[in-house]
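Participant: Please find one structure pasted underneath; my questions will follow.
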Amino acid sequence: RDILRNRAYLGTYSRFGVRIPDSHRALVSPSDFRKVQENMAKRRKGGTGRSLQPFLLSGLVFCGRCGNRMIGVSRRQHWTTRAGEERKATYRYYQCESRTNQNTCSYNTQREAELEGRVRELLAEPNGAATRLQRAGGADAYAEEIRGEIERLEGKLRQNRRQVESLVGEAASGGLPIERMKALGTTFVREQRELEREAHEARARLAAERSEAEREEQAEATTKRLLARWEGFSLEERQSLLREVVDRIEVDGEEARLLRRH
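The opening position of the sequence shown corresponds to residue 148 in the numbering used here, with each subsequent residue numbered one higher.
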């Protein structure tokens, strides 16, 4: 839906009432954009307007069985009690993406609150209790790793943009049902935002590269600040601080291993 309505894909910058046409390269041609709007107008249906809360550990959790990422999954349930009352609830998990997308991994699923609580406990342990990520070559290798991460993310961003462009073109020509377009478009927009955020954070880490000793000292201070004010930080702030000190979290059943960056 963001792709279908957001004029930023036409190259127009819009913020706080200010609009600047042609501020960046357009991903969608004006004619394709108009055609999609026309199709939406013909087939518009009421929506729920709901949005899901992001997952704190997104991008940090990996399956200890197959090595793939664990992704956030929300399950909604509706039921009627014996008294005839309508009830609903949302359950949130981290689940191995292999199981979700390919059905190739065993059912490695972690409840959101329990896993995030376990990560908080691991961070509170002395540095020696949580595995530190070992990098050959020290600071230079660390900087090179970040540069490689940036290249990987930029490649994914380019691929995502091409997919968006192709998707909108199909919808404009009538080759793709509008409801299917909405579903796919939402996924692409979410991935685009996540990739852009990760790339931005990686560039910031590279720009702020320090000596090994300084980084370790900074990481310890960041960890203490994060734990001391955990509930006071917004989800975005907690997530950003976690990415500064945690490289990855490997989970298998009740076993969890946290690898620190420094």
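Ideal Cβ placement from N, Cα and C applies to all residues, glycine included.
1) Comparing alpha-carbon positions, which option in Ala-230, Arg-385, Glu-397 and Glu-343 lies nearest Glu-304?
2) Take Arg-350 and list the residues in its own chain whose beta-carbon comes closer than 7 Å to its own, dropping the five residues that flank it on each side.
3) Could you give the distance in angstroms between the alpha-carbon of Cys-213 and the alpha-carbon of Ala-319?
4) Quick one: give me the first and last residue of the alpha helix (DSSP H) that Arg-258 is part of.
5) Output needed for Ser-370: all residues of its chain with C-beta closer than 7 Å, excluding positions within five of it in sequence on either side, in chain order.
6) Helix, strand or coil: which one does DSSP assign to Phe-335?
7) From Arg-404 to Arg-395, what distance separates their C-alpha atoms?
8) Excluding the 5 residues preceding and the 5 following His-409 in the sequence, name in chain order all residues of the same chain whose CB lies nearer than 6 Å to its CB.
9) Applying the criterion that 16 or more other CB atoms from any shown protein chain within 10 Å of the CB defines a buried residue, is Tyr-289 buried or exposed?
10) My understanding is that Leu-353 touches Arg-299, with C-beta atoms under 8 Å, so please give their C-beta distance in whole angstroms.
11) Please state the DSSP three-state secondary structure of Ala-355.
12) What does Cys-252 pair with, by DSSP beta-bridge criteria?
13) Going by CA-CA distance only, name the one from Leu-406, Asp-399 and Gln-310 that's closest to Ser-253.
Facilitator: Here's the rundown:
1) In the sequence as presented, Glu is not what sits at residue 304; that position holds Leu. The shortest Cα separation from Leu-304 among Ala-230, Arg-385, Glu-397 and Glu-343 belongs to Glu-343.
2) Ile-297
3) 40 Å
4) Not the alpha helix (DSSP H): Arg-258 falls in the beta strand (DSSP E), residues 256-258.
5) Reading off the sequence, residue 370 comes out as Thr, not Ser. Answer for Thr-370: Leu-270 and Val-392, listed in chain order.
6) helix
7) 8 Å
8) Arg-362, Glu-363 and Ala-366
9) buried
10) Not confirmed; about 13 Å, so no contact.
11) coil
12) Cys-252 is not bridged to any residue.
13) Asp-399
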